[in-house]
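Numbering (the working numbering), first residue to last: 287 to 597.
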């Protein structure tokens with residue numbers, strides 16, 4: 287369990303230049319990959335089932351590249367605690383933010399939908415491409431560890447982002463609207479939902495995949511212009527963020543069409559450079575076959591079948 291002393295250590299660590307943090311990351315990669323073999327079984331399974339057409343040699347290359355980036359991700363996230371705005375603007379390039387601002391000038395708020403690709407923690411800084419009067423809401427699931435929760439709220443708000451607990455989205459949206467503040471809310475939308483929250487299955491990386499639908503419902507309710515955020519990593523320590531418009535008229539699209547388009551776009555991004563996706567997550571542990579065996583949907587609600595139980 288993280289303590290205040292541990293958090294203080296992370297703050298001191300973040301003051302090191304990135305080149306020093308990357309040297310530590312290289313050592314961590316060796317320990318994580320070769321000594322502890324952290325989640326290597328899950329990573330290998332995810333890669334081989336997502337890319338059955340790739341030979342094992344290529345899968346292993348992607349796997350090693352992923353672990354190198356995964357170690358970098360941690361230290362890059364910690365660096366957000368103290369990184370200067372000037373250094374961040376040098377390392378983090380944003381394109382098409384003028385499209386977001388155009389929506390604001392037309393009186394329409396925006397929503398950004400994204401996945402666990404590249405360093406999504408750095409996306410808390412997308413506000414640097416917008417006027418200071420705009421707010422960027424960062425929707426997240428609060429952590430149980432109080433010290434860790436405080437640290438992540440701090441790093442996510444370091445350059446103007448507003449961390450928003452997922453159960454308080456509408457309250458924040460209404461408050462900003464009442465204050466006349468235009469907002470861009472970001473939704474990480476590729477997590478695996480719990481059994482009782484599964485209402486949609488979509489094809490994604492060669493798997494039938496259960497997805498959250500709550501984010502899309504909020505986007506439609508608030509009539510947001512919806513953008514997909516694509517990240518790339520041209521070289522170590524540098525990221526680019528590009529907005530791709532999905533729709534300015536969310537309620538004109540069929541139910542779940544926003545999610546369908548998002549997952550197609552995210553898959554293409556991953557296929558371009560698969561090493562930057564979060565392969566350590568056991569994303570496909572819940573299958574549709576097991577869901578249909580154990581649950582039924584009654585009036586839009588997921589319920590266990592008789593003689594079955596959830597886990």
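Here a beta-carbon is modelled for each residue, glycine too, at the ideal position from N, C-alpha and C.
>> How far does the beta strand (DSSP E) with residue 472 in it extend, from its first residue to its last?
In response: 469-474
>> In whole angstroms, give me the CA-to-CA distance for residue 324 and residue 394.
In response: 44 angstroms
> Tell me which same chain residues have a C-beta within less than 6 angstroms of the C-beta of residue 446, skipping the five on either side of it?
Replying inline: 413
> Do you know how far the Cα of residue 305 is from the Cα of residue 589?
Replying inline: 52 angstroms
> Which residues in the same chain as residue 429 place their Cβ atom closer than 8 angstroms to its Cβ, once the five residues preceding and following it in sequence are excluded?
Replying inline: 435, 438
>> Could you compute how far the alpha carbon of residue 343 sits from the alpha carbon of residue 396?
In response: 42 angstroms
> With 16 other CB atoms within 10 Å as the buried threshold, where does residue 470 fall?
Replying inline: buried
> Exposed or buried, what is residue 362 when buried is set at 16 or more other beta-carbons lying within 10 Å of its beta-carbon?
Replying inline: buried
> Which word fits residue 421, buried or exposed, when buried means at least 16 other C-beta atoms lie within 10 angstroms of its C-beta?
Replying inline: buried
> With 16 as the cutoff for other CB atoms within 10 Å, does residue 491 come out buried or exposed?
Replying inline: buried
> With which residues is residue 493 paired in a DSSP beta bridge?
Replying inline: 490
> Pairing CB atoms from the segment 493-511 with CB atoms from the segment 348-365, are three or more of them under 8 angstroms?
Replying inline: no
> Taking the alpha carbon of residue 383 as the point to measure from, which residue in 415, 549, 580 has its own alpha carbon closest?
Replying inline: 415
> Looking only at C-alpha atoms, which of 433, 489, 582, 571 sits nearest to residue 293?
Replying inline: 433
> Where does residue 508 fall in DSSP's three states?
Replying inline: coil
> Quick one: is residue 381 buried, meaning 16 or more other Cβ sit within 10 Å of its Cβ, or exposed?
Replying inline: exposed
> What are the boundary residues of the beta strand (DSSP E) that residue 457 is part of?
Replying inline: It is not in any beta strand (DSSP E) - residue 457 instead sits in the alpha helix (DSSP H) that spans 455-464.
>> Using only the alpha-carbon positions, how far apart do residue 355 and residue 316 sit?
In response: 12 angstroms
> Rounded to the nearest angstrom, how far is the Cβ of residue 314 from that of residue 366, given a contact under 8 angstroms?
Replying inline: At roughly 18 angstroms, the Cβ-Cβ gap does not stay under 8 angstroms, so residue 314 and residue 366 are not in contact.
> What are the partner residues of residue 527, as DSSP defines its beta bridges?
Replying inline: 380, 517
> Where do the N-terminal and C-terminal ends of the alpha helix (DSSP H) with residue 364 fall, by residue?
Replying inline: 342-365
> Any Cβ of chain B within less than 8 angstroms of the Cβ of residue 423?
Replying inline: In the displayed structure, chain B is absent; only one protein chain is listed.
> Considering residue 399, what are the terminal residues of the beta strand (DSSP E) in which it resides?
Replying inline: 396-400
> DSSP on residue 390, reduced to helix/strand/coil?
Replying inline: helix
> If you draw a straight line from the alpha carbon of residue 373 to that of residue 578, how long is it in whole angstroms?
Replying inline: 51 angstroms
> Near residue 318, what residues of its chain come up, given a Cβ to Cβ distance below 7 angstroms and the 5 sequence neighbours on each side ignored?
Replying inline: 324, 353, 357
> For residue 462, which residues of its own chain have a beta-carbon under 7 angstroms away from its beta-carbon, when the five flanking residues on both sides are left out?
Replying inline: 421, 469
> Among 567, 548, 417, which has the Cα closest to the Cα of residue 331?
Replying inline: 567
> Tell me which same chain residues have a C-beta within less than 6 angstroms of the C-beta of residue 401, skipping the five on either side of it?
Replying inline: 476, 552
> Quick one: Cα of residue 337 to Cα of residue 410, how far?
Replying inline: 31 angstroms
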